[in-house]
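Chains A and B are the protein sequences, given in the same order.
Each residue of the first sequence is one higher than the last, beginning at 1 in our numbering.
Each residue of the second sequence is one higher than the last, beginning at 1001 in our numbering.
Think of the CB as a built atom: it goes at the ideal place given N, C-alpha and C, for glycine as much as any other residue.
Protein chains: 2
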Amino acid sequence: MDLFISQVPGGRKKETVDTLKSGSRDQQVSGIVTTMFATITVIRKAIELNANFIIAHEPTFYNHLDETEWLAEDPIYQFKRRLLEKNGIAVWRNHDYVHSLSKDGVLEGVIEQLGWGEYYQKKSIVMLPETSLGEMISHVKEKMNIPAIRYVGDLSQKVSKILLLPGAIGGKRQIELLMQEKPDVLVCGESPEWETPEYVRNANEMGEKLGMVVLGHSASEEAGSEYLAKWVKTNLIGMPVFHIPSGNSLSIK
Amino acid sequence: MDLFISQVPGGRKKETVDTLKSGSRDQQVSGIVTTMFATITVIRKAIELNANFIIAHEPTFYNHLDETEWLAEDPIYQFKRRLLEKNGIAVWRNHDYVHSLSKDGVLEGVIEQLGWGEYYQKKSIVMLPETSLGEMISHVKEKMNIPAIRYVGDLSQKVSKILLLPGAIGGKRQIELLMQEKPDVLVCGESPEWETPEYVRNANEMGEKLGMVVLGHSASEEAGSEYLAKWVKTNLIGMPVFHIPSGNSLSIK
């Protein structure tokens, strides 16, 4: 943890959600698993692999701050907590730090997964050779292995400038960046329906060509955990490390 | 507005998002349109129908409080604002009040749309004759006219007790009600992916049979605006009133 944090410009943060959710700083690490969500399936695989340290990007206990008092009597929370404790598994969230690397580690991973490295211009902006919204969605579905994608806009509209915002940075911030960057399409993880999707719908209704592609939160950032596994390989030579995708929680019927 | 509010137990609220978003209290009403979102399409239809009062359930300007200072220079915001002003259209949000009727108006509308009136037990709880999660989803898709639905769980699991929470009441509140009611399935409008979907995924991983069905925010509450149109018909005899569904902003490819 300290080694990773030492590579983040600005170093240790006073206020961060990146805390240990189980285990302790002093424990000996037998192996590392990186993932988006420390699901029970991921924890079980880590146990099988004899890896007692999970680095997850997202919360373990269903809320941003991983507050657990309100869950204390809940059998699902208790099951997960006991599974971690019984098997001596430490879980660290690495969210704020990986996003704060001099090059945002999640964005790096996603750009690579999409094969857009040569088109990457600056933070969050990708300038593709001209294509259509429909074709771009097909490309993204294939590269990210997403069976179905939600979108707003006209599938035949032209797409070149992409505003790429993995995760869920909030509707207001997404809209502010749309106003500032004026891209052809926003590609994001998720947004409450009453925020960005309505803005983009209104833009289309007034005649603008603006697309919005909602990848799903997990799919949009999973490549960041792959990036983190590579970081461990490079920086902790000899440490067993595995990237286990937690996959999408939501299926589509 | 005053007539509706007079029927809400507790009456006028000090803190509410249910304010006029355009127009004034004094204007003469030529006709009323009810809808989920006052989209530009809905506004144009209202103008055609000579109805100068739109009652919307959700925000007009992409954030819960309809704050507009940050949008002042934006052409999409300006276009919508001008369209409303030029045509003298008043928009009132009726969200907190309709949910506060002695029987929540949105829930009433949704229960009727789903044909579940005889199975309705108490606020948010429906007890269906035993079916499977897959069959229940098919029923909901047909009744609500939703082309594809996101879900967590095993499609073959049995479903009888449903926790029905239209809209987006927040992951913590959804999970608290899951803990309290122990239903077979939660049917909701939306939830951030790192909250309720992860909780339900963990429940399934530990062997519980718990389903979650995400209708989409619009689909989950549109029937509430239909309910409101009926309310106007009953309470303002002779007033022209139209329910115009704003439909889902997000399509699926």
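Fewer than three Cβ pairs drawn from the segment 135-153 of chain A and the segment 167-182 of chain A lie within less than 8 Å of each other, which leaves the two stretches out of contact. Per DSSP, the continuous beta strand (DSSP E) segment holding residue 121/A begins and ends at 120-122. Taking the Cα positions, residue 1038/B is about 38 Å away from residue 100/A. For residue 92/A, the enclosing beta strand (DSSP E) stretches over residues 90-93.
Flagged as an interface residue toward chain A: residue 1206/B, by a C-beta distance shorter than 9 Å.
Taking residue 1087/B as the centre and dropping the five residues before and after it, the same chain places the C-beta of 1047 closer than 6 Å to its C-beta, in chain order. The beta carbons of residue 204/A and residue 159/A sit no closer together than 9 Å. For residue 1015/B, no chain A residue has a Cβ inside 7 Å of its Cβ, as the nearest lies near 19 Å away. In terms of Cα proximity to residue 1196/B, the closest of 17/A, 62/A and 13/A is 62/A. Residue 1017/B and residue 1060/B have their C-alpha atoms some 11 Å from each other. The Cβ atoms of residue 1041/B and residue 1092/B do not sit closer than 9 Å to each other.
Ranked by Cα distance from residue 94/A, the options 12/A, 239/A and 251/A are led by 12/A.
Under the three-state reduction of DSSP output, residue 1130/B falls in the strand class.
For residue 216/A, the chain B residues whose Cβ falls inside 8 Å of its Cβ are 1193, in order along the chain. Boundaries of the beta strand (DSSP E) harbouring residue 35/A: 32-35, taken from the DSSP string. By the C-beta criterion, the segment 1160-1171 of chain B is judged to be in contact with the segment 1182-1190 of chain B, since at least 3 inter-stretch pairs fall below 8 Å. The segment 1107-1124 of chain B makes no contact with the segment 1078-1086 of chain B, as fewer than three CB pairs between them are under 8 Å. When DSSP states are grouped into helix, strand and coil, residue 61/A belongs to the coil group. Taking all protein chains shown into account, residue 1089/B has 16 or more neighbouring C-beta atoms within 10 Å of its C-beta and is therefore buried. In this structure, residue 1098/B lies near residue 1228/B, with their beta-carbon atoms less than 9 Å apart. Here residue 106/A is actually not in contact with residue 216/A; their C-beta atoms are around 14 Å apart, not less than 8 Å. Taking 9 Å as the cut-off, the Cβ atoms of residue 1211/B and residue 1157/B count as close. Look at residue 163/A: its C-beta is not under 9 Å from any C-beta on chain B. For residue 152/A, the uninterrupted beta strand (DSSP E) segment begins and ends at 150-152. Take the alpha-carbon of residue 253/A and the one of residue 1137/B: they are about 8 Å apart. The segment 1163-1191 of chain B contains, as complete alpha helix (DSSP H) runs of 4+ residues, the segments 1171-1181 (chain order).
Residue contact check for residue 1090/B against chain A: no CB pair falls below 9 Å. With fewer than 16 other beta carbons inside 10 angstroms of its own, residue 1234/B counts as exposed. Around the CB of residue 1219/B, 16 or more other CB atoms lie within 10 Å, so the residue is classed as buried.
Distance from the CA of residue 1199/B to the CA of residue 1128/B, rounded to the nearest whole angstrom, comes to 24 Å. The C-alpha of residue 1072/B is placed about 37 Å away from the C-alpha of residue 36/A. Listed along the chain, the chain B residues whose CB falls inside 7 Å of the CB of residue 201/A are 1039 and 1249.
Between residue 1198/B and chain A, the shortest Cβ-Cβ separation is below 9 Å. The Cβ atoms of residue 1110/B and residue 1221/B sit closer than 9 Å to each other.
Among the CB atoms of chain B, none fall inside 9 Å of the CB of residue 245/A.
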